[in-house]
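Colleague: Its first residue numbered 1, the sequence shown is counted upward by one per residue in UniProt numbering. Please read through the structure below; I'll follow up with questions.
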Amino acid sequence: MEITVVYDNNSGRGLGKGWGFSCSIETDDKKILFDTGWDGGLLLENMATLGMDIREYDILLLSHQHWDHIGGLPAVLNANPKIEVYTLASFSEKLKKEIQKRTKLNEINGMCKIAEGVYSTGELGDIVKEQALLLDTDKGIYVISGCAHPGLPAIMEVAGSIGNVRGIIGGLHDCQDIEAMRDLELIGAGHCTSNIDAIKEKYPNSFVHIEAGYCIHI
Numbered sequence: 001m002e003i004t005v006v007y008d009n010n011s012g013r014g015l016g017k018g019w020g021f022s023c024s025i026e027t028d029d030k031k032i033l034f035d036t037g038w039d040g041g042l043l044l045e046n047m048a049t050l051g052m053d054i055r056e057y058d059i060l061l062l063s064h065q066h067w068d069h070i071g072g073l074p075a076v077l078n079a080n081p082k083i084e085v086y087t088l089a090s091f092s093e094k095l096k097k098e099i100q101k102r103t104k105l106n107e108i109n110g111m112c113k114i115a116e117g118v119y120s121t122g123e124l125g126d127i128v129k130e131q132a133l134l135l136d137t138d139k140g141i142y143v144i145s146g147c148a149h150p151g152l153p154a155i156m157e158v159a160g161s162i163g164n165v166r167g168i169i170g171g172l173h174d175c176q177d178i179e180a181m182r183d184l185e186l187i188g189a190g191h192c193t194s195n196i197d198a199i200k201e202k203y204p205n206s207f208v209h210i211e212a213g214y215c216i217h218i
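What follows is the structure, encoded as structure tokens:
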């Protein structure tokens, strides 16, 4: 699998930056977009700069209903009306109806399979409802996180139920339980991670400060 961050607060490789997060996951037979950032125009520009065609994507999964993760949704649907959208069932009825007018909507409650080797954690969290993506690879499980509002322990518990968790990539928000990352080989922190310096100091060998343009094969 190939994971590429296409939207983040920071950027490299000549890409634009903006508040929010989005990444591309390419498997053997599927192209998946995780979240859309705030600005759909910027998202599509970054993808084009990286040689990615949004019209070739099969699935869009939205982690949670905050604008810095769903703001680019209209632009994505305009460019690719055939893309299937996966949201939590707890998303607002208004938003879900708008999506259903444009394309196929899949509503998620519990943990489920999205594609071969790709799973949703299902709905997690009490205050902010969120789902993360789990990638099942030969090396172990890698987590793609929008903001990790439900907390790392909750996400890691679900991820660990299907295999050995080797890494996490995305926004880690106000993650206080740094010990939850102690066994990870990769900690790719970006977007809303507020205590990024503390994470880097504790795990210098596994920490990566991700940005738009960051790419890894797993």
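Yeah, the Cβ is synthetic: ideal placement off N, Cα and C, and Gly gets one too.
Round the Cβ separation of V118 and T27 to the nearest angstrom and send it over; I've been treating them as touching at under 8 angstroms.
Modeller: Their Cβ separation, rounded to whole angstroms, is 7 angstroms, which keeps V118 and T27 in contact under 8 angstroms.
Colleague: Quick check on DSSP: helix, strand or coil for T4?
Modeller: Residue state, collapsed to three classes: strand.
Colleague: Should C112 go down as buried or exposed, given a rule of 16 or more other Cβ atoms within 10 Å for buried?
Modeller: Flag for C112 reads exposed.
Colleague: Would H217 be called buried (16 or more neighbouring beta carbons within 10 Å of its own) or exposed?
Modeller: Classification for H217: exposed.
Colleague: Return the Cβ separation of I114 and I187 in integer angstroms, given the expectation that the two are a contact with Cβ distance under 8 angstroms.
Modeller: Between I187 and I114 the Cβ distance is about 23 angstroms, and since that is not below 8 angstroms, they are no contact.
Colleague: Along the chain, where does the beta strand (DSSP E) that runs through D136 open and close?
Modeller: Segment L133 to T137, the beta strand (DSSP E) holding D136.
Colleague: Within 10 Å of its beta-carbon, does L130 have 16 or more other beta-carbons around it, so buried, or fewer, so exposed?
Modeller: Here residue 130 is Glu; the residue named in the question, Leu, does not match the sequence. Its Cβ being crowded by 16 or more others within 10 Å, E130 is buried.
Colleague: So the alpha helix (DSSP H) A89 belongs to, where does it begin and stop?
Modeller: Run containing A89: none; DSSP gives neither H nor E here.
Colleague: Rounded to whole angstroms, what is the Cα-Cα separation between M47 and A189?
Modeller: One C-alpha to the other measures close to 20 angstroms.
Colleague: Out of F21, R55 and P153, which one is the CA nearest neighbour of D68?
Modeller: It is F21 whose Cα lies nearest to the Cα of D68.
Colleague: For T193, which residues from the same chain have a beta carbon less than 8 angstroms from its beta carbon, with the 5 sequence-adjacent residues on both sides left out?
Modeller: The residues are G171, L172, H173, C175 and I199.
Colleague: With DSSP collapsed to three states, give me the class of A212.
Modeller: Reduced to three states, the DSSP call for A212 is strand.
Colleague: Residues in its own chain within less than 8 angstroms of G12 by CB, not counting five upstream and five downstream?
Modeller: Counting only Cβ-Cβ distances below 8 angstroms, and skipping sequence neighbours, we find E211, A212, G213 and Y214.
Colleague: Comparing alpha-carbon positions, which option in S92, I141, M156 and K31 lies nearest E84?
Modeller: Nearest C-alpha to E84: K31.
Colleague: Name the one or two DSSP bridge partners that Y142 has.
Modeller: In the DSSP output, where bridge partners are listed per residue, Y142 has L135 and G167.
Colleague: Of the residues A148, I162 and H191, which one's Cα is nearest the Cα of M181?
Modeller: M181 has its Cα closest to that of A148, out of A148, I162 and H191.
Colleague: Unbroken beta strand (DSSP E) runs of length 3 or more, entirely within the stretch 167-209: which are they?
Modeller: Runs of the beta strand (DSSP E) inside the stretch 167-209: 186-190 and 207-209.
Colleague: Please list the terminal residues of the continuous alpha helix (DSSP H) segment that includes A154.
Modeller: A154 -> alpha helix (DSSP H) spans L152 to G160.
Colleague: Opposite A115 in the DSSP bridges: which residues?
Modeller: In DSSP, A115 forms a bridge with V118.
Colleague: What separation, rounded to the nearest whole angstrom, lies between the Cα atoms of V143 and G167?
Modeller: Those two C-alpha atoms are separated by around 6 angstroms.
Colleague: Alpha carbon to alpha carbon, how far is L124 from P153? Give it in angstroms, no decimals.
Modeller: About 11 angstroms.
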